[in-house]
Structure formats: C-alpha cells, structure tokens
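Heads up: the sequence shown is residues 3 to 192, going by my numbering.
We put the CB at the ideal spot given by N, CA and C, even for glycine.
Predicted model, so just to flag it, every value in this text is computed and none were measured.
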Amino acid sequence: MLNLVLFGPPGAGKGTQSQKLIEKYGLIHLSTGDLLRGEIAQGTTLGLEAKKLMDDGKLVPDEVVIGMISNKLDANKEAKGFIFDGFPRTVAQAEALDQLLTSKSESISGMIALEVSDGELETRLLLRGKDSGRPDDANPEVIRKRIVEYNTKTAPVADFYKKQNKFTSINGIGTIDEIFGAIVNVIAAY
Ligand code: AP5
Numbered sequence: 003m004l005n006l007v008l009f010g011p012p013g014a015g016k017g018t019q020s021q022k023l024i025e026k027y028g029l030i031h032l033s034t035g036d037l038l039r040g041e042i043a044q045g046t047t048l049g050l051e052a053k054k055l056m057d058d059g060k061l062v063p064d065e066v067v068i069g070m071i072s073n074k075l076d077a078n079k080e081a082k083g084f085i086f087d088g089f090p091r092t093v094a095q096a097e098a099l100d101q102l103l104t105s106k107s108e109s110i111s112g113m114i115a116l117e118v119s120d121g122e123l124e125t126r127l128l129l130r131g132k133d134s135g136r137p138d139d140a141n142p143e144v145i146r147k148r149i150v151e152y153n154t155k156t157a158p159v160a161d162f163y164k165k166q167n168k169f170t171s172i173n174g175i176g177t178i179d180e181i182f183g184a185i186v187n188v189i190a191a192y
C-alpha cells in the first residue's frame, strides 16, 4: 500500500495536490478538514462543536479527528492506499495513526512537506476566501491564528517522521504541475 502524509501549513496546496495524486495512484483521500466541514454541513453535534474552533483558527480535539480517521480506515479495507491531508496535526495524532496502521499490518510510506512562506500563504487564503465560503479564510486575523497553530502544534509532527527517516520536504511555490512532478519523484523513490 502507498500511505502518504501530505504536510504543510494552511494554504500550502495539500488539497490541490491530493486531487492529482488520487487520480494518478488511485488512493483514498482522507482530509480531516473536509470531514469536519461535512459534519458542519450535516449539522451534527460534532460539527457544531468543531465549527466554533475552526472559525477561530484553532485545532479541534485529537480524539475527534482520530475517531474520524479510524472509522474511514475501517470503511475502506480494500483501498490501495491513503493520502492523509491535514492529519496528523499533532504528535499525539501521529502516534495514534501509527498504532491504527500497525494494527492493520500497515505503515506510513512517507511524509511529503510543502514549504511555502507565510506571506504567500496569507495571499493564497485571502484570495480563496472571497469565494470559498470558508469562514476561516475570510479574515487575516484568523489566517494568522491558523499559521500560529501550525507552527506551535503541527510543525513538530515533521520531527516524528524525520526520526523514522520518512520525511521529505519540497518547494511548494511554483506551478501546480511543477510541484506535482516533484511529489511524484519522491514517491518513485519509496
Ligand atoms: P483544513 O481543511 O485541513 O485546512 P488547512 O490545513 O488550513 O489547509 P487548506 O485546505 O486551507 O490549505 P491546503 O494546504 O489544502 O491548500 P489548498 O490546496 O486548499 O483544516 C481546517 C480546520 O479544520 C483547521 O484549522 C482545524 O480547525 C480543523 N482541522 C482539520 N484537520 C484537523 C486535525 N487533524 N486536527 C485538529 N483540527 C483539524 O490551496 C490553498 C489555495 O492556494 C487554493 O486557493 C489553491 O487554489 C491555491 N494554490 C494551491 N497550489 C497553488 C500554487 N502552486 N500556486 C498558487 N496557488 C496555489
């Protein structure tokens, strides 16, 4: 199986590249952000709780997203592999993901991090905010909070995969196809 963690700050291009990767490799895309927005759209209790945190640029509790990922892994037993997009976002989530995969005799193939400067991230998200309908893209203060959450809670997840020799960083600035080509080259070396 090819199990890829696509990593990077808000607006780095994880979702954009995931769409191209699922086409090329036939993987299942697991985006915790999309799953949470699905819960919000359905008006579930989980969604209502998550919305308050997401609109404020904060992470939702680990147990919530770990539970969602666990359910999706169980529901896709025949998958060729998974792209984890926006997950794991804390070291506790990374440890839980390792345990979930180990229990299925699987493991992460690698983490690919998209490197993009804070200024470029803000520009991309503000531009998208105009028509994405995502409240967390609409205002610069919330975008900056999301970047701070990333730097404090999520960036350490890279060390978790570096220790396992599963970390590769690539330049996330360039055309979508250039970045996709760089990702494909990394995967070819797994
Ligand atoms: P989530 O939905 O994961 O959002 P995010 O990480 O903030 O990432 P984005 O979707 O905004 O960006 P992206 O990197 O996917 O970039 P994209 O391809 O869209 O999370 C939202 C919230 O949910 C979190 O803040 C948190 O509250 C909660 N949450 C989610 N997962 C969680 C977890 N595991 N634990 C706890 N809480 C969790 O591209 C962005 C824009 O840039 C687009 O407009 C795109 O067209 C453009 N773009 C893409 N590539 C390029 C390029 N090469 N050049 C120029 N523009 C580009």
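Only residues of its own chain outside the window of five on either side were considered, and among them M3, L4, N5 and L29 have a CB closer than 6 Å to the CB of G83, listed in chain order. For D36, the number of other beta carbons within 10 angstroms of its own is below 16, and it is reported as exposed. D179: member of the alpha helix (DSSP H) spanning I178 to A190, first to last residue. DSSP places M3 outside both helix and strand once states are collapsed to three, so it counts as coil. If you check the C-beta of Q44 against the ligand AP5, you find no heavy atom less than 7 Å away. According to the DSSP assignment, L32 belongs to the beta strand (DSSP E) that extends over I30 to S33.
Sequence-distant partners of A140 (beyond 5 residues in either direction) whose C-beta falls short of 8 Å from its own C-beta, in its chain, are G131. DSSP links F86 through a beta bridge to V7 and L32. For L50, the uninterrupted alpha helix (DSSP H) segment begins and ends at T47 to D57. If only uninterrupted alpha helix (DSSP H) runs of at least 4 residues are considered, those enclosed by the stretch 107–172 are 120–134, 142–151 and 158–165.
Rounded to whole angstroms, L38 and G49 show a C-alpha spacing of 6 Å. Contact between the stretch 116–124 and the stretch 58–72 is absent, with fewer than three C-beta pairs closer than 8 Å.
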